[in-house]
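*Asks:* From first to last, the protein sequence lines are chains X and P.
Those letters in the first sequence? Residues 1 to 253, by my numbering.
Those letters in the second sequence? Residues 1001 to 1066, by my numbering.
Ideal Cβ positions, reconstructed from N, Cα and C, are used throughout, including at glycine.
From a predicted model like this one, the values you see are computed outputs, not experimental measurements.
I'd like to ask some things about the structure below.
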Amino acid sequence: MIAAPGTTAWYVYGVVDASASLPPGRLRLVEEGPLAAVAGAVPLSEFGEEALAERLNDRRWLEVHVREHEEVLQRLAAGSTVVPFRFGAIYRQLDDVAAMLQERRADFTAALARVRGRIEVGVKGWADREQVSASLGDAPPQAASGRAYLERRLTERQRVEQVAALLADIAGDAHARLLRHADEGVANRTQPPELTGRAESMILNGAYLVGGDGAELAAEVAALEAEHRGRGVSFETTGPWPPHNFVEPGEGS
Amino acid sequence: MTVAEPTPLQEQITLLELVDRVLHKGVVLTGDIMLSVADVDLVYVGLRVLLTSVATLDRLQAEGAA
């Protein structure tokens, strides 16, 4: 992509070893010592500071570019170890990209070592609260009198608390068990139903960094699924992902 | 990874998955031009409204077509 100076900027997707090779296309490697940034030219009319703030609220635009960011990282991850950057690392000059690499060399070298030979797998836990509640035994009896009504309301409230406590236990236990089959893991904030669009509640939003193909982790997910399916709790995996969750210090465990 | 033609709902879930990783995770830099964390939080709020309204729109269109 050739454009007049001052109309394009460099969008950086992530960092790889300088020895990595890129698939043919519009991306380029900006090498600095043992590291290289993967960058692509973007128009300032869309990625300039003010333009970007506006575009971020355009769902279509956001979707296209968030997908593109992920696709580039997935392609890179297929052949190299990659340290993903958060969306929106934009530099005016390639020299600025090289300077950033030099400044953060120690961090990126450590991050590459941390994720080398590993993949990120997502595991989500879902609960059908009604089914979970039913699995706890008989529902409270129908109210016949005022006093019975109050007792029933109390029992119902206790039941909701029981379900919440049980689900917290299941999610905590699942995360602990999955961690045993991973080098690192993190239980992220669960996504609310208005975003997931699902009737079940999300009870676990985990990400795990695993070596090899993650077969052990997959087997543990299958075991969890078999154990809890009857009471309305299910588990699913996503990925493999580039290691988004395991490249900032302090994330993961 | 995906084989079947995704439904609008599945597309939203996938986008949400992507947003959770691409906008909320990864190395954070202070660059020449750089998204601030506050902007990302705003995106998340904005996206929530958009996804909800898109879901409603999709449902209304489906009902209209039925």
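#1: Give a single yes or no on whether Q162/X has its beta carbon closer than 7 Å to a heavy atom of the ligand SAM.
#2: Looking at R105/X: is its Cβ nearer than 8 Å to the Cβ of V1028/P?
#3: When DSSP labels each residue in this structure, what does G269/X get in the three-state scheme?
#4: With a threshold of 8 Å, are at least 3 pairs of Cβ atoms found where one atom belongs to the segment 105-119 of chain X and the other to the segment 207-219 of chain X?
#5: Classify S234/X as helix, strand or coil using the three-state DSSP reduction.
#6: Along the alpha helix (DSSP H) that carries R92/X, what are the first and last residues, could you check?
#7: For S133/X, which residues of its own chain have a beta-carbon under 7 Å away from its beta-carbon, when the five flanking residues on both sides are left out?
#8: For S201/X, which three-state DSSP category applies?
#9: Between L150/X and chain P, is there a C-beta pair that is closer than 8 Å?
#10: With 8 Å as the threshold, decide whether the Cβ of P84/X is near any Cβ in chain P.
#11: Compare the C-alpha of Y11/X against each of L29/X, E227/X, D17/X and name the closest.
#12: Taking only beta-carbon atoms, is A3/X less than 8 Å away from chain P?
#13: Give me the Cβ distance between V16/X and A39/X, rounded to the nearest whole Å; I'm assuming they're in contact under 8 Å.
#14: Using a C-beta cutoff of 8 Å, does A1004/P count as contacting chain X?
#15: Excluding the five sequence neighbours on either side, which residues of its own chain have a C-beta within less than 8 Å of the C-beta of A187/X, listed in chain order?
#16: Which residue spans inside the segment 135-210 of chain X form an unbroken beta strand (DSSP E) run of at least 3?
#17: Over the uninterrupted alpha helix (DSSP H) stretch that includes D107/X, give me the two end residues.
#18: Could you check the C-alpha separation between M100/X and G88/X for me, to the nearest Å?
#19: For the segment 65-78 of chain X, which residues have a CB atom closer than 7 Å to at least one CB atom of chain P, in sequence order?
#20: Closest by CA to L1015/P, which one among R67/X, L56/X, A110/X?
#21: Have a look at E32/X, T7/X, T237/X and flag the residue whose alpha-carbon is nearest the alpha-carbon of S19/X.
#22: Cα separation between N57/X and T8/X?
#23: Note down, in chain order, every chain P residue with its Cβ under 8 Å from the Cβ of Q191/X.
#24: What residues from chain P crowd round M202/X, counting only those whose CB sits closer than 9 Å?
#25: With V221/X as the anchor, note down where its alpha helix (DSSP H) starts and where it stops.
#26: May I have the straight-line CA-CA distance separating A222/X from R177/X, to the nearest angstrom?
*Replies:* By the coordinates alone:
#1: Absence of the ligand SAM is noted for the structure shown, with no ligands found whatsoever.
#2: No, Cβ-Cβ distance for R105/X and V1028/P is not below 8 Å.
#3: Outside the shown range of chain X, which is 1 to 253, sits residue 269/X, and nothing can be said about it.
#4: At 8 Å Cβ cutoff, the stretches touch.
#5: Strand at S234/X.
#6: From DSSP, R92/X is part of no alpha helix (DSSP H); its letter is neither H nor E.
#7: R159, V163
#8: strand
#9: Not an interface residue.
#10: yes
#11: L29/X
#12: Since pLDDT at A3/X reaches only 48, below the 50 mark, its modelled position is unreliable, and the value read off the structure follows with that caveat. No - not a single Cβ of chain P is within 8 Å of the one on A3/X.
#13: Incorrect: roughly 11 Å between the Cβ atoms, too far for contact.
#14: For A1004/P, the predicted structure reports a pLDDT of 45, less than 50, and the residue's modelled location is therefore unreliable. The matter cannot be settled from this model.
#15: Here the set comprises A171, H175, L204, N205, G206.
#16: 184-187
#17: 105-115
#18: 14 Å
#19: V66, R67, H69, E70
#20: R67/X
#21: E32/X
#22: Roughly 21 Å separates the two Cα atoms.
#23: L1016, D1020
#24: Chain P residues near M202/X: none, gap ~11 Å exceeds 9 Å.
#25: Following the DSSP letters along the chain, one finds V221/X inside the alpha helix (DSSP H) bounded by residues 215-228.
#26: Spanning the two alpha carbons is a distance of roughly 12 Å.
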